[in-house]
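Quick mapping for you: the protein sequence lines, in order, are chains B and S. Here the first sequence is numbered in this note's numbering, starting from 117 and rising by one per residue. Here the second sequence is numbered in this note's numbering, starting from 602 and rising by one per residue. Using N, Cα and C, we set each Cβ at its ideal position, and we do this for glycine too. None of the values given here were measured: they were computed from a predicted structure. Take a look at the structure below.
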Amino acid sequence: KDADFNQPVTIDAGRQLVELADNKVTFSDRVVVKQGSMDVRADKLVVIRSEQGLQSMTAHGAPATYYQVLNNGQPVKAEAREIHYDMKARTITLLKDAKLKQNDNIVTGYRIRYHIDREQMEAESQGGTDRVTTIFLPEQLQNMNDKKAQD
Amino acid sequence: MSRQTWWFGALFALALVCWQWFRPVSDAPVNQQDYQPDFVAKNLSSVQYNRLGLPYRGLDAEYAEYYEPLAMTLMEKPVILLYSPDGQPQWRLSSDEGMINTNDNAVLNGTVVGQGLQPDALVETLTTEYLELDFINNQLHSNRDVQLRSSSYQAQGQGLLGKLDQQTVELLHDTRATYINP
Numbered sequence: 117k118d119a120d121f122n123q124p125v126t127i128d129a130g131r132q133l134v135e136l137a138d139n140k141v142t143f144s145d146r147v148v149v150k151q152g153s154m155d156v157r158a159d160k161l162v163v164i165r166s167e168q169g170l171q172s173m174t175a176h177g178a179p180a181t182y183y184q185v186l187n188n189g190q191p192v193k194a195e196a197r198e199i200h201y202d203m204k205a206r207t208i209t210l211l212k213d214a215k216l217k218q219n220d221n222i223v224t225g226y227r228i229r230y231h232i233d234r235e236q237m238e239a240e241s242q243g244g245t246d247r248v249t250t251i252f253l254p255e256q257l258q259n260m261n262d263k264k265a266q267d
Numbered sequence: 602m603s604r605q606t607w608w609f610g611a612l613f614a615l616a617l618v619c620w621q622w623f624r625p626v627s628d629a630p631v632n633q634q635d636y637q638p639d640f641v642a643k644n645l646s647s648v649q650y651n652r653l654g655l656p657y658r659g660l661d662a663e664y665a666e667y668y669e670p671l672a673m674t675l676m677e678k679p680v681i682l683l684y685s686p687d688g689q690p691q692w693r694l695s696s697d698e699g700m701i702n703t704n705d706n707a708v709l710n711g712t713v714v715g716q717g718l719q720p721d722a723l724v725e726t727l728t729t730e731y732l733e734l735d736f737i738n739n740q741l742h743s744n745r746d747v748q749l750r751s752s753s754y755q756a757q758g759q760g761l762l763g764k765l766d767q768q769t770v771e772l773l774h775d776t777r778a779t780y781i782n783p
């Protein structure tokens, strides 16, 4: 939700290493990130900050998981071995064994980029035998057909 | 009771009294000898320079006692100033009490405050109740609760390892960080 982005980000972890020269903090050992309705869990998290504030957070896990409630009140869930959260662009990039679930639709692939504001998603495979898979539930399909019939 | 038993009883009582009487007044353990400071300083201020003539450590204290045999200095309200290799002030460490073991380490106790002196540092203030400064490895250690703070970042945890040369500060257990206006 839009309100999430103005909330403080709290991060719980077993350890945290502050690298002053690089303005970087690395959290490890059962990392839990919360910002409003957003909830990210990972084994390791790297947070980069610049003078303009928080720039990005990269979560690593087996898998790392992401959960957030959108403006429409629907939750979006995602998991991947690497989740990159760009605070300024408000995008989530899922990398390696990426899986994203929204309104019971499931998308899997090598890389999934999700634009939180626009609720838009781009999914890519690694090429070769790797494929992007999208599963629409019948109900969703019916809604889409109804919408087409009305247009 | 025969006369002989009385005699032994009296002799034993006499021996007990003599032992109490002639026992040394206090047999305090040897290591609690009464050391006297070799010198005492008030409003002490000192700076140490490296071979290049650059400052690398400053020490101020409201009161200090130096003990030559122990190579130790006890201080009240100590302030230790740490410089980066190129002579820029990096950290200012202060506390209620402190102790320096010459050329080895410094121990700071009671309301320990570390201030990062580099501009726009991610950590501007470090606070704890106990901090050890290892001169040999140029590291900071604590096994207590530690808080790190700056305008947009607050963190707390248990235990600290600071590596001054690498400019890293690590909280070791049960940590929580908050980015205030992300």
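Between the alpha carbons of B/Asp213 and S/Glu730 lies a distance of about 46 Å. Residues of chain S whose Cβ lies closer than 8 Å to the Cβ of B/Gln132 are, in chain order, Ala756, Gly758, Glu771, Leu772, Thr776, Ala778.
Fewer than three beta-carbon pairs drawn from the region 189 to 207 of chain B and the region 130 to 145 of chain B are found closer than 8 Å, and the two stretches are therefore not classed as touching.
For S/Leu723, the nearest beta carbon of chain B is closer than 7 Å to its own beta carbon.
For B/Asp128, the C-beta contacts it makes with chain S under 9 Å involve Asp775, Thr776, Arg777, Ala778, in order along the chain. Taking all protein chains in view, the Cβ of S/Arg745 is surrounded by fewer than 16 other Cβ atoms within 10 Å, so the residue is classified as exposed. Interface residue (Cβ-Cβ distance to chain B less than 7 Å): S/Gln768 is classified as such. DSSP places S/Lys764 inside the beta strand (DSSP E), whose first and last residues are 754 to 764.
Between S/Ile701 and chain B, the shortest Cβ-Cβ separation is not below 7 Å.
When the beta-carbon positions are compared, S/Met700 and S/Leu734 stay at least 7 Å from each other.
Of all residues in the region 736 to 757 of chain S, those with a C-beta nearer than 8 Å to a C-beta of chain B are Leu749, Ser753, Tyr754, Ala756, reading in chain order. DSSP links S/Trp608 through a beta bridge to no other residue. Collapsing the DSSP output to three states places S/Val724 in coil. Taking the Cα positions, B/Leu216 is about 28 Å away from B/Gly169. Looking at S/Tyr684, S/Tyr636, S/Asp661, the one whose alpha-carbon comes closest to that of S/Ala672 is S/Tyr636.
Rounded to whole angstroms, S/Thr779 and B/Pro124 show a C-alpha spacing of 6 Å. In this structure S/Leu723 is in contact with B/Asn139, their Cβ atoms being roughly 5 Å apart against a cut-off of 8 Å. For the set S/Tyr667, S/Val770, S/Asn706, the Cα lying nearest the Cα of S/Gly715 is the one of S/Val770. Residue ranges of uninterrupted beta strand (DSSP E) with 3 or more members, entirely inside the region 616 to 702 of chain S and ordered along the chain, are 640 to 650, 656 to 668, 673 to 677, 680 to 684, 690 to 695, 698 to 702. DSSP, reduced to helix, strand and coil, places B/Leu136 within a helical segment of the structure shown. Where S/Asn744 is concerned, the enclosing beta strand (DSSP E) starts and stops at 740 to 750. Our two residues, S/Leu762 and S/Gln768, have alpha carbons roughly 11 Å apart in a direct line. Not a single C-beta of chain B is nearer than 7 Å to the C-beta of S/Ile681.
Distances from the CA of B/Ala194 to each of B/Gln171, B/Met203, B/Asn187, B/Asp220 were compared; the closest alpha carbon is that of B/Asp220. If you ignore the 5 residues before and after B/Val147, its C-beta comes within less than 6 Å of the C-beta of Ala129, Ala158, Leu161, all in its own chain and listed in chain order. The residue among S/Leu615, S/Gly688, S/Tyr664 with its C-alpha nearest the C-alpha of S/Asn651 is S/Gly688. Residue burial annotation: B/Phe143 is buried, with at least 16 other C-beta atoms found within 10 angstroms of its C-beta. At a Cβ-Cβ threshold of 7 Å, S/Pro690 and S/Leu718 count as neighbours. Exposure of B/His231 is indicated by the presence of fewer than 16 other C-beta atoms within 10 angstroms of its C-beta. Looking at the DSSP output, B/Ser153 bridges to nothing.
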